[in-house]
Amino acid sequence: MISNEEFLRAMSNFASGVTVITTRDKAGVPHGITVSAFCSLSAEPPLVLACINKSTGSHYAFIERGAFVVHILGEHQRHISEQFAEPLLDKFAGMPLLETPSGLPVIEGALVTLECTLVQPYDGGDHSILVGKIESAEVMDARPLLYFRGDYRRLDAGD
Ligand SMILES: Cc1cc2nc3c(=O)[nH]c(=O)nc-3n(C[C@H](O)[C@H](O)[C@H](O)COP(=O)(O)O)c2cc1C
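Numbering (the working numbering), first residue to last: 205 to 363.
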């Protein structure tokens, strides 16, 4: 078995996009968390998955609400990724916010915005694997924010 350090060092070499995933708990409190462990899962039905650490303050809210919004961030949204990766009391302070018809918080200006219903949470060690069915999708013309070896990256100018 490998150490936690070896695991993190190896996995940091997997280049990814960056998402912020939001929801609202039963009491109406909005939650959001920066997530790079996100991927496309199925086309028919349209499914995605995201892995959320069980120890985050927002974990319960995703399960409780049974619905969430995935924002695939553009390169102009690094500050949003940073804000939602901090254990702040009000992560939504200063955010340009909208709402879905069902009342979930939407951060304006993302490259892609996916409204999802939770199909099933699965156990994944210290994370839960949330499988979501895409109910609506909005795509903007922007360049993606990337993450590789512990730092934010951008596509080369020519890409
Ligand atoms: C680039 C980046 C990617 C991250 N990816 C994940 C992830 O996939 N799953 C996760 O649970 N936390 C991830 N995190 C950490 C959470 O965003 C962070 O722990 C957050 O503050 C937890 O939310 P909380 O304040 O509600 O506990 C990531 C952080 C960064 C900066």
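Just so you know, even glycine gets a beta-carbon here, dropped at the ideal spot from N, CA and C.
Taking the straight line between their C-alpha atoms, what separation do you get for residue i and residue j?
i           : j           : result
residue 329 : residue 205 : 15 angstroms
residue 227 : residue 288 : 13 angstroms
residue 271 : residue 303 : 13 angstroms
residue 276 : residue 238 : 10 angstroms
residue 309 : residue 283 : 18 angstroms
residue 362 : residue 301 : 32 angstroms
residue 348 : residue 268 : 30 angstroms
residue 259 : residue 332 : 10 angstroms
Could you check whether the Cβ of residue i sits closer than 7 angstroms to any heavy atom belonging to ligand 1?
i           : result
residue 234 : no
residue 331 : yes
residue 255 : yes
residue 364 : The requested residue 364 is not part of the displayed model; the chain covers only 205 to 363.
Pop quiz: residue i and residue j are said to be a contact at Cβ under 8 angstroms. What is the actual Cβ separation, rounded to whole angstroms?
i           : j           : result
residue 233 : residue 244 : With 8 angstroms as the limit, residue 233 and residue 244 do not qualify as a contact, their Cβ atoms being about 29 angstroms apart.
residue 254 : residue 274 : 7 angstroms
Buried or exposed: where does residue i fall if 16 or more other Cβ atoms within 10 Å of its Cβ makes it buried?
i           : result
residue 218 : exposed
residue 293 : exposed
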